[in-house]
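Remarks on the structure that follows.
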Amino acid sequence: MSDLIGAINAVGNLILRFIIVILAFLVRKELKKRDLSILRFYDLLVISFIVYAISKIFFLPLNLDRAGLLDINEKTARTLNSIANFLINIFGILLVYAWIKLFKGLTQRYRLIPIVQPFPGELAKTLPPGVYITKHSGELCDECKTLLQGRKAIIITRRKPEDLKSKLGAEIPILWLAKVEAPGVVYPHNLERLAHELISFMKSEKGPKSIMIDGFEYLMIENGFEPVFKFLTSLKDYAILTDTVIIVPIKKEALEGRKYALLLREFRKLEELEAAQIE
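Residue 138 in the numbering used here is what sits at position 156 of the sequence shown, and the numbering runs on without skipping anything.
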């Protein structure tokens, strides 16, 4: 009787494990939007759990044999047992490897933004700190470059960092918005991490600073307008307190009229401010 109960439990546990695996894949869809390093750890855990569940498939006939529900010869039983134990060992190795990868990621953290030197050139303009939107020309406008001069500056962009540095003719920290795992890359869905890095930069560096966010449309496509708008408003508060000018090139035609009007209510247009200064 106890063997029969054990067999029933084995079948129930096997079904439960596969339900958990299915749920894990559903959770992964949301986790994928956050952080690639955590996603890799999660994937390893799921794979190890799948291997463990498969090992139980090979143990199941042995449990049914002991319960008298299945007749397995000794040779087959040894084979099934060996395969199941081999898979259990693979499960253990994958599990340990997943935790090692996570531990290394947590203990070898580095700041995305290194020590920043002022951008070459004299401080050409003294704009009040805050967030400014400007027309997106498809290229890094000359006026934008001027606003970097004499300031400790960083750029967030969808462009290839090497190409952008070549056009600027200077070494400048660049955070690349991309869905790859590499130094200097920020996952576009991870607005929290990007905000953390930029706020840390604004608070830790002294003197006038400049941030260029050349990727507004891409961030909006990946996250939606409202999260990106909140992201910019949070940066604005810190920019005002830390003498930082944040420039956001935007294609007006890429936005609905209501959304563009909301941006204008919260942030100033760079062109209008410059015209007022000239007058």
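Beta carbons: idealized from backbone N, C-alpha and C, even for Gly.
Check your understanding: Are the Cβ atoms of V230 and I115 separated by less than 9 Å?
Key -> Taking a C-beta distance under 9 Å as the contact criterion, V230 and I115 qualify as a contact pair.
Check your understanding: Taking the C-alpha atoms as reference points, what is the distance between N205 and L157?
Key -> 18 Å
Point to revise | Start-to-end residues for the beta strand (DSSP E) that takes in I156 | key: Here the beta strand (DSSP E) through I156 covers I156 to L159.
Point to revise | Closest residue to F41 among K57, N55, P190 and A66 (Cα-Cα distance) | key: A66
Exercise for review: Quick one: measure Cβ to Cβ for T226 and I195, integer angstroms, because I've assumed they're closer than 8 Å.
Suggested key: With a Cβ gap of about 12 Å, T226 and I195 do not count as contacting.
Review point. If you draw a straight line from the C-alpha of G197 to the C-alpha of D145, how long is it?
Key: Cα to Cα, G197 sits roughly 15 Å from D145.
Review point. Should K191 go down as buried or exposed, given a rule of 16 or more other Cβ atoms within 10 Å for buried?
Key: buried
Point to revise | T61 versus I75 - alpha carbon distance | key: Between the alpha carbons of T61 and I75 lies a gap of roughly 21 Å.
Review point. Considering only residues of the stretch 196 to 251, which uninterrupted alpha helix (DSSP H) runs meet the minimum length of 4 residues and lie entirely inside it, listed in chain order?
Key: 198 to 205, 207 to 223 and 239 to 248
Review point. Should Y79 go down as buried or exposed, given a rule of 16 or more other Cβ atoms within 10 Å for buried?
Key: Taking every protein chain shown into account, the CB of Y79 has fewer than 16 other CB atoms within 10 angstroms, so this residue is exposed.
Check your understanding: Tell me the DSSP bridge mates of V33?
Key -> DSSP, once it has assigned bridges, lists no residue as partnering V33.
Review point. Are the beta-carbon atoms of T215 and E248 separated by less than 9 Å?
Key: In contact: T215 and E248 (Cβ atoms closer than 9 Å).
Practice item. Could you have a look at Y114 and say whether DSSP puts it in helix, strand or coil? Key: strand
Check your understanding: Nearest to A59 by alpha carbon, out of G132, L176, I70 and L46?
Key -> The shortest Cα separation from A59 among G132, L176, I70 and L46 belongs to L46.
Check your understanding: Can you tell which of E153, R22, A160 and F85 has its C-alpha closest to the C-alpha of Q131?
Key -> E153
Point to revise | Buried versus exposed call for P111 [16 or more other C-beta atoms within 10 Å across all chains shown] | key: buried
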